[in-house]
Amino acid sequence: MSEVYFIADSHFGHCGIIQFSETKPFRPFTTIEEHDAELVRRWNSVVGPKDMVWHLGDFCFGKRNLEIAAQLNGNKKLVMGNHDMYATEDYLRYFTRLSGAVEYKGMILTHVPVHESQLARWYMNVHGHLHTKRVMRDRCHFGVLATTEPDPRFVCVSAEQIDLTPAPFDWILNKWAERNL
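Residues in the sequence shown are numbered from 1 upward in steps of one, following UniProt numbering.
See below:
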């Protein structure tokens with residue numbers, strides 16, 4: 001039986017991603033080649049040839065790095081991110097679908113998180129873009145700001161938040177359920 005997985009912000013070929021202070025602890029590699037090889041290994045360790053993977057943007061830097069997608073198992077679909085800037089036909093060599101946003105099983109899949117007002121239409125936003133951060137919301141008590149906490153309606157699948165490994169659909173649902181008890 002095939003599975004469905006989610007990941008965002010793989011940044012294949014992006015030398016800066018292993019140097020930025022925010023992301024370096026999650027991507028402890030000396031070279032971008034080492035980084036890319038490990039992401040391919042982790043992807044293929046969980047994704048089989050018949051599985052489906054929603055990549056929620058920022059797949060690679062450098063057009064030649066699109067070829068890395070050929071090494072990755074599964075039926076790959078890309079929700080375009082702010083760094084996915086090549087021609088449609090270049091992506092369609094490796095991805096079976098390209099989108100700006102996708103409604104999937106009552107959720108909205110995006111690269112950048114949607115505005116919270118949009119969540120009246122969907123129960124959850126699965127997204128990337130934030131790398132190590134989460135969407136936050138204010139909690140007020142009698143009109144006074146009491147706390148700021150992660151908004152449970154948003155699940156970020158940036159590679160840093162899922163151990164650089166595509167997350168299965170059940171993990172997404174469990175994460176949402178944990179946060180909405």
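Ideal placement from N, C-alpha and C gives every residue a C-beta, glycine not left out.
Asked	Found
Residue of ASP90, MET52 and PRO49 minimising C-alpha distance to LYS63	ASP90
TYR86 - containing beta strand (DSSP E), residue span	No beta strand (DSSP E) contains TYR86, which DSSP labels as neither H nor E.
Under 9 Å between C-beta atoms of VAL112 and GLY57	yes
Contact between the region 164-181 and the region 15-24 (3+ Cβ pairs under 8 Å)	no
DSSP state of PRO168 mapped onto helix, strand, coil	strand
Element boundaries [alpha helix (DSSP H), containing residue 200]	The first residue shown for the chain is 1 and the last is 181, placing residue 200 beyond what the model contains.
C-alpha gap between THR165 and VAL126, whole angstroms	15 Å
Residue of ILE7, SER2, MET1 and SER117 minimising C-alpha distance to residue 182	The question about residue 182 has no answer here: the residues shown for the chain are numbered 1 through 181.
Neighbourhood of ASP163 by C-beta, 8 Å cutoff - its chain only, sequence neighbours within 5 removed	ARG42
C-alpha distance - ASP36 paired with LEU119, whole-angstrom precision	34 Å
MET124: first and last residue of the uninterrupted beta strand (DSSP E) it sits in	124-127
Beta-carbon proximity check, LEU109 vs TYR86, cutoff 9 Å	no
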